[in-house]
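Colleague:
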Amino acid sequence: MPDVNAIANRVAAATPPSLGRAVRGLSDRSIAWLFVAPTIILLLAINIFPLIWTIYLSFTNYASNRPNRAVVNVGLKWYQDILGSPEVWAAMQATAHFVFWTIFFQTLIGFTLAYLIDRKFRGHAFWTTIILIPMMLSPAVVGNFWKFLFQPQIGLFNYIVSFFTGIPPSSFEMLGSVTLAPWAIVIVDTWMWTPYVMLICLAGLRSIPDYIYEAAEVDRASKWRQFWSITLPMALPFIMLAVLFRGIENFKMFDMVVLLTGGGPGSTTELASITLKRQAFEAYRTGYSSAFAIILFVVIFGLANIYVKALNRVKQR
Amino acid sequence: MSGAVTTAHSVVEPSATSRRIAAFLVILYAVVTMVPLAWIFATAWKTPPDSISYPPKVVFDPSLEGYCNLFTTRTRQTDEYIEALGPPQGACDEVTRKREMVIAGPSNYLPRFVNSLIIAFGSTFLAVSLGVFSAYAFSRFKIPLADDLLFFILSTRMMPPIAVAIPIYLMYREIGLSDSALGMILLYTAVNVSLAVWLLKGFIDEIPREYEEAAMIDGYTRLQAFFKVVLPQAATGIAATAIFCLIFAWNEYAFAVLLTSGEAQTAPPFIPTIIGEGGMDWPAVGAGTTLFLIPIVVFTVLLRKHLLRGITFGAVRK
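If you read the sequences in order, they're chains A and B. Note that this note's numbering has the first sequence beginning at 58, numbered continuously upward. Note that this note's numbering has the second sequence beginning at 34, numbered continuously upward.
(1) Excluding the 5 residues flanking B/Y202 on each side, which residues of the same chain have their C-beta closer than 8 Å to its C-beta?
(2) Interface residues of chain A around B/F325 at Cβ under 8 Å?
(3) Could you spell out the range, first to last residue, of the beta strand (DSSP E) harbouring B/I176?
(4) In terms of alpha-carbon separation, which member of A/M249, A/A147, A/F214, A/I352 lies closest to B/P88?
(5) Quick one: which residues of the segment 181-199 of chain B get their C-beta closer than 7 Å to a C-beta of chain A? List them in chain order.
(6) In chain A, which residues lie with their C-beta within 8 Å of the C-beta of B/F346?
(7) Thinking just about the alpha-carbon of each residue, which of B/E310, B/A297, B/R350 is nearest to the one in B/V147?
(8) Quick check on the DSSP output: what are the complete alpha helix (DSSP H) runs of length 4 or more inside the segment 298-340 of chain B, in order along the chain?
(9) Considering Cα atoms alone, identify which of A/F116, A/Q163, A/L83, A/T186 is closest to B/V331.
(10) Taking the alpha-carbon positions, what's the A/R342 to A/S121 distance?
(11) Is B/N225 close to chain A? Criterion is C-beta to C-beta, closer than 7 Å.
(12) How about the segment 194-201 of chain B and the segment 348-360 of chain A: do they share at least three Cβ pairs that are nearer than 8 Å?
(13) What residue does the alpha helix (DSSP H) around A/P107 start on, and which one ends it?
(14) Cα separation between B/I250 and A/L83?
(15) Is it a yes or a no for the segment 266-281 of chain B touching the segment 216-230 of chain B, going by three-plus beta-carbon pairs under 8 Å?
(16) Buried or exposed, going by whether 16 or more other CB atoms sit within 10 Å of the CB of B/T80?
(17) Which stretch, first to last residue, makes up the alpha helix (DSSP H) that contains B/V197?
(18) Compute the beta-carbon to beta-carbon distance between A/S227 and A/P209, rounded to the nearest angstrom, for a pair I have assumed lies under 8 Å.
(19) Check whether chain B comes within 7 Å of A/L89, counting only Cβ atoms and requiring the distance to be less than that.
(20) Which of the three DSSP states is assigned to B/T108 in this structure?
(21) Let me know the secondary structure DSSP gives A/G132 once reduced to three states.
(22) To the nearest whole angstrom, what separates the beta carbons of B/F166 and A/F92, a pair I think is in contact under 8 Å?
(23) Is it right to say A/T236 is buried, meaning 16 or more other beta carbons lie within 10 angstroms of its own, or is it exposed?
(24) Do you know how far the Cα of B/R342 is from the Cα of A/T169?
(25) What does B/F174 reach in chain A if we use C-beta pairs closer than 7 Å?
(26) Just checking: is the beta-carbon of A/A241 within a distance shorter than 7 Å of some beta-carbon in chain B?
(27) Looking at chain A, is there any beta carbon in it that lies within less than 7 Å of the beta carbon of B/V265?
(28) Counting pairs of Cβ atoms below 8 Å between the segment 158-175 of chain B and the segment 297-306 of chain A, do you hit three or more?
(29) Per the DSSP calculation, B/V135 is bridged to which residue(s)?
(30) Scan the segment 298-321 of chain B for residues whose Cβ lies nearer than 9 Å to a Cβ of chain A and list them as they occur along the chain.
(31) I need the DSSP call for A/T325, collapsed to helix, strand or coil.
(32) Within the chosen definition, does the segment 180-188 of chain B reach the segment 358-367 of chain A through at least 3 CB pairs nearer than 8 Å?
(33) Helix, strand or coil, according to DSSP, for A/T186 in the structure here?
(34) Could you work out which residues of chain A lie near B/V330, taking near to mean beta carbons separated by less than 9 Å?
(35) Residue range of the alpha helix (DSSP H) that B/T274 falls in?
(36) In the DSSP assignment, the alpha helix (DSSP H) including A/E306 goes from what residue to what residue?
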C-alpha cells in the first residue's frame, strides 16, 4: 500500500497541479462542497422551501381543512388584520410579561448562584451538576408535572406556601386564577432555566484573570468596588449572551406553558406561539396564521442576528 | 487587610467564612430545586388515593399500582367475575383486582416509548453524520460566504416550531409523511444538524491541522486523513454532540403533538394523556415521567463537562 501511495505522489509531483490533484483523489474544493452540500440541501428542503411556501400562503385565503377550495390572493389583508387584532396584542403583552420576568429572575438568581459557586467551596462541582438537571428535562413533561404540584387542594406547591405563610392551601389556585397564572408560568420557567443562566455566568466569572483582582488589591480597591468595576463589567458579555438566548427561547415558548395552563384561564397566559397554534391547527385559518408566523420569523431573525454577534464577541476573549 | 494576613494563599482566594456561606446557599438551592423532581418520582410509588390525599403524604406505603397502571389498560368487573378468574397472576394483576378491575391489555406507553427511541436515535445518527462532514469543511477549507452560511444554519434552529410546523404539516400531508417515524426523523435531523455543525466545528477547530498534514505527507489522501486521523481525534466531541442531539429529539413536544397522532407518536405528547377513573392518574403519570426522565438525568451527569459548549453552540468552552 505505501508503495502505491509513493508512486502516486511521485506521479502527482511530476504532473501539472490540476492533474496532480486528480491523481491524489478529490480536490479540496470539491471535498468542501461535497461535505457541506447534504446539510444545505436538507435545510433547504425542510426549512427554506416551507418558509417560502408560508410567505406565499400568507397572501392567500387558503385553509388547510378545505384544500379543494379555490385559492384567492388577498394581498396584505392578513398582515393588516394581525396588526389591528386585539387578540394578537393581548398575546404579545402576555409574551412580553413572560419574557421580561423570566429573564429578570433567571439573571438575578443565576448570576448570584454562579458568583457563589465561583467561591470554589469543597464539592461545588457535584452540586453544580445537581443544579443543572432541570434545564435538560423535556419542557412538556415538566409542564405536566408542575400542573400536579400546583393543584389547589392536593398539590405540594400550595401546601408548602401554606406551611410557611398560613394561607389555607385551597384558598388560591396558581393555574386557575387570572392574577396568579401568569406568575405560575414564570415560576416554572425560572425553576427550569435558571441553571442555564448560571452556567454561562459561571463561564464569564471564570474568564476573569486573577491578576486583575490582584492589581485591584494592590490599589486598595474595596471588594464592593472590585465587584462593580471588574466582576460585573467583565462578565457582562456572558450575561448578555444568556439573556439574549433566553429571550429568543421564551419569545417562542410553547410546550411548557401549553401543558401547564393551555393558555388559560381565559387567555391570560396565551403566548404568541399558543395563539398561532390555535389559529393554524384549531381554527384552520392557514393564511392568517402564515402571516403571523412570518411576523414572528422576522422578529426572531433579528434577535438571532444580534445573538450570533454576541456569540462571536464572547468567542474572541 | 486580607492581603497582609494571608501569605500562603493568593490575595484573591475567598476567605473560609465566605466559602462556607456560599456552600450553604448553593446546597440549599440545589436541594430545593430537586424537590419537585423527587416529588414526582415518589408519586409514582403511591396508590391513586395516596397521591391526591390532603395533606400531601411524604411517608407512604410504596405500591406498584402506578407502574402497573402505566403499562396496562383495565376494565371494571363484578366481584363474581373476578372471583371466577382464580388466583391473580403476578403483582400487577393483584393490585388491579383490589380495585375491582381486571387487566384488559397493554397500554400505549411502551409503543410510544419505542417510537421516541427510534426517532431520537435515527435523527441523531443522521444529524451527526451530516454535521461532522460540514463541520470539517467549515473548519478546514475556505468556503465562500462561510459566516453567512453558518448563520443561516444556526438561524434555522431559532425558528418557532409552531411557525415551521404549519408548512411542514401541509408538505407532509402532500407527500404522505404525516404521522410517520421517517417524517419525524427528517424534521428532527434538520433541527439538530445546525447544533451538530456548530458544536463539531468547535471540536474540530481544536484538532491541530498538522496531524492531517503529516498524514497527507505520508501519502494519505484528504479523505483518508479525514477518516483515519480527524474522526478518531474528534471522537469525544462527536459523542458529546450526539448526546445533545439525542436529548433534543427525546424532549421535543411541539412538532410531535402537531405532526403525529397515532402510529408515530412519541412519549412527550402521550404522557399528559394518561388518565385514570375520574381525572389524571397521577401515580401512572409519575411512573411514565420517571422512566422518561431517568435517561436524561444520567446523560446530564455524563455530559457535565461539555454542557456549556452544548448550550452556547460551541462558542464558550471553559
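All C-beta atoms, glycine included, are put in the ideal place defined by N, C-alpha and C. Predicted model, so just to flag it, every value in this text is computed and none were measured.
Modeller: Taking the structure as given:
(1) As a first step, residue 202 of chain B must be located in the second sequence, where it is residue number 169. Excluding the 5 residues flanking it on each side, B/Y202 has same chain C-beta neighbours closer than 8 Å at S211, L291, L292, in chain order.
(2) Mapped onto the second sequence, residue 325 of chain B falls at position 292. Per Cβ cutoff of 8 Å: S195, V198.
(3) The residue given as residue 176 of chain B occupies position 143 in the second sequence. That residue, B/I176, is in no beta strand (DSSP E); it is neither H nor E in DSSP.
(4) Looking up residue 88 of chain B in the second sequence gives position 55. Of the listed residues, the one whose Cα sits closest to B/P88 is A/F214.
(5) Cβ proximity to chain A below 7 Å picks out F184, I186, L187, S188, T189, M191, M192, P193, P194, I195, A196, V197, I199 from the segment 181-199 of chain B.
(6) Here residue 346 of chain B refers to the residue found at position 313 when the second sequence is read from its first residue. Those are L368, listed as they occur along chain A.
(7) Numbered from its first residue, the second sequence carries residue 147 of chain B at position 114. If we check each option's Cα against that of B/V147, B/A297 comes out closest.
(8) 300-303, 315-336
(9) Taking the second sequence and counting its residues from 1, the one referred to as residue 331 of chain B is at position 298. The option with the nearest alpha carbon to B/V331 is A/T186.
(10) To locate residue 342 of chain A, count along the first sequence from 1; it is residue 285. To locate residue 121 of chain A, count along the first sequence from 1; it is residue 64. Going by the C-alpha atoms only, they are around 8 Å apart.
(11) In the second sequence, the residue the question calls residue 225 of chain B occupies position 192. Judged by the 7 Å Cβ criterion, B/N225 is not in contact with chain A.
(12) yes
(13) The sequence position of residue 107 of chain A within the first sequence is 50, counting from 1. 106-114 is the extent of the alpha helix (DSSP H) around A/P107.
(14) The residue you call residue 250 of chain B lines up with position 217 of the second sequence. The residue you call residue 83 of chain A lines up with position 26 of the first sequence. If you draw a straight line from the Cα of B/I250 to the Cα of A/L83, it is about 16 Å long.
(15) yes
(16) As a first step, residue 80 of chain B must be located in the second sequence, where it is residue number 47. Buried: at least 16 other Cβ atoms inside 10 Å.
(17) Start at 1 with the first residue of the second sequence, and residue 197 of chain B comes out as number 164. From DSSP, the alpha helix (DSSP H) with B/V197 extends over 194-208.
(18) Indexing the first sequence from 1 puts residue 227 of chain A at position 170. Indexing the first sequence from 1 puts residue 209 of chain A at position 152. Contact holds; Cβ gap of about 5 Å.
(19) Against the first sequence, residue 89 of chain A aligns to sequence position 32. For clarity, residue 89 of chain A is Ala in the given sequence; the question names Leu instead. So, interface residue.
(20) For the purposes of this step, residue 108 of chain B is identified with residue 75 of the second sequence, where counting begins at 1. If DSSP states are grouped into helix, strand and coil, B/T108 belongs with the strands.
(21) Start at 1 with the first residue of the first sequence, and residue 132 of chain A comes out as number 75. The DSSP-derived three-state label of A/G132 is coil.
(22) As a first step, residue 166 of chain B must be located in the second sequence, where it is residue number 133. As a first step, residue 92 of chain A must be located in the first sequence, where it is residue number 35. That pair is a contact at about 4 Å.
(23) As a working note, residue 236 of chain A is residue 179 in the first sequence. A/T236 should be labelled exposed.
(24) In the first sequence, the residue the question calls residue 169 of chain A occupies position 112. In the second sequence, the residue the question calls residue 342 of chain B occupies position 309. Cα to Cα, the separation comes out at about 21 Å.
(25) The residue labelled residue 174 of chain B in the question sits at position 141 within the second sequence. Within chain A, the residues near B/F174 are D85, A89.
(26) The count along the first sequence starts at 1 and reaches residue 241 of chain A at position 184. Taking Cβ atoms only, chain B never reaches closer than 7 Å to A/A241, which makes this a no.
(27) In the second sequence, counting from the first residue as 1, residue 265 of chain B sits at position 232. It should be noted that the sequence gives Pro, not Val, for residue 265 of chain B. Taking Cβ atoms only, chain A never reaches closer than 7 Å to B/P265, which makes this a no.
(28) no
(29) Working through the second sequence from its first residue, we reach residue 135 of chain B at position 102. The bridge partners DSSP lists for B/V135 are B/T108.
(30) Going along the segment 298-321 of chain B in chain order, one finds A300, P301, P302, I304, P305, M313, W315, V318, G319, G321 with a Cβ nearer than 9 Å to chain A.
(31) Indexing the first sequence from 1 puts residue 325 of chain A at position 268. The answer is coil: DSSP assigns A/T325 none of H, G, I, E or B.
(32) yes
(33) Position 129 of the first sequence, counted from the start, is the residue given in the question as residue 186 of chain A. Taken through DSSP and simplified to helix, strand or coil, A/T186 comes out as helix.
(34) To locate residue 330 of chain B, count along the second sequence from 1; it is residue 297. Per Cβ cutoff of 9 Å: I190, M193, L194.
(35) Locating residue 274 of chain B in the second sequence gives position 241, where the first residue counts as 1. Residues 268-284.
(36) Indexing the first sequence from 1 puts residue 306 of chain A at position 249. Segment 289-308, the alpha helix (DSSP H) holding A/E306.
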